[in-house]
Amino acid sequence: GSVSTSPLEVASMMATLARRGEWIEPSILVDDEPALRRHDVRVSEASWDRLARAMAAVARHYDPVGAEEVDLGGKTGTADGFAGTRWREHNQAWFAGVFPVSAPRYAFAVTAVRTRWRGKNLVPFSTELARLVLESEASR
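Just so you know, we're using the working numbering here: the sequence shown kicks off at 388 and counts up by one.
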């Protein structure tokens, strides 16, 4: 089978969850104040709290020290093999989430295609990405 979603769509989904259900259509920023299309799909505080705890547990399971340091939360995923191709023994690995999970400001999705990796292998990479973003934010 094929993957019918993009990393941008998955990151947008994570951002929607972190905003408790407010979806904002992704757009390219051309000026300082873009016209944003919004839609409310409603996620209760209780649902978000359970989801945030679960996503934090996933990240800390695969990167115990780093994920806690940057307060990372997310969900792993792996699409196994590309049947009928020379890549049949390879995967598409995913990790998507938010940080800091306790008060999200950033949503992301990373993927590795045609790899022997699984989604769990992308957690340390995502932790480092979050660390770089937070350090850059602190230096401004």
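Think of the CB as a built atom: it goes at the ideal place given N, C-alpha and C, for glycine as much as any other residue.
- Query: Taking just the CA atoms, how far does Lys507 sit from Val497?
  - Reply: Rounded to whole angstroms, Val497 to Lys507 spans 11 Å at the Cα level.
- Query: Do Phe495 and Asp458 have their C-beta atoms closer together than 8 Å?
  - Reply: Inclusion of Phe495 and Asp458 in the CB contact set at 8 Å is not warranted, their separation being larger than that value.
- Item | Residue burial classification, Pro491 (beta-carbon count within 10 angstroms, cutoff 16) | Pro491 comes out buried.
- Message: Which same chain residues end up closer than 7 Å to Leu521 when comparing Cβ atoms and leaving out the 5 residues on each side of it in sequence?
- Response: The residues Val457, in chain order, have a CB closer than 7 Å to that of Leu521 in the same chain once the five nearest residues on each side in sequence are set aside.
- Item | Segment limits, alpha helix (DSSP H) that includes Thr392 | Per DSSP, Thr392 belongs to no alpha helix (DSSP H) and is neither H nor E.
- Query: Exposed or buried, Val397, counting other C-beta atoms within 10 Å across all chains shown (16 or more means buried)?
  - Reply: It is buried - the Cβ of Val397 has at least 16 other Cβ atoms within 10 Å.
- Message: Let's test the definition: count the other Cβ atoms within 10 Å of the Cβ of Arg447 and tell me whether it reaches 16, buried, or not, exposed.
- Response: So Arg447 ends up on the buried side.
- Mind checking whether Met401 and Ala483 have CB atoms under 8 Å apart? Going by C-beta atoms, Met401 is nearer than 8 Å to Ala483.
- Query: What first and last residue would you give for the alpha helix (DSSP H) that runs through Val338?
  - Reply: This structure does not reach residue 338, given that the chain is present from 388 up to 527, and the question cannot be answered.
- With a CB to CB cut of under 6 Å and the five nearest residues on each side skipped, what residues in its chain are close to Ser399? Hits under 6 Å: Pro413.
- Select from Glu515, Arg437 and Trp410 the residue whose C-alpha is nearest the C-alpha of Gly453. When only C-alpha atoms are compared, the closest one is Glu515.
- Would you mind stating whether Val428 and Gly460 have Cβ atoms separated by less than 8 Å? Contact flag unset, no.
- Task: Verify whether the separation of the beta carbon atoms of Val430 and Gly408 is less than 8 Å.
- Result: In terms of Cβ geometry, Val430 and Gly408 form a close pair [threshold 8 Å].
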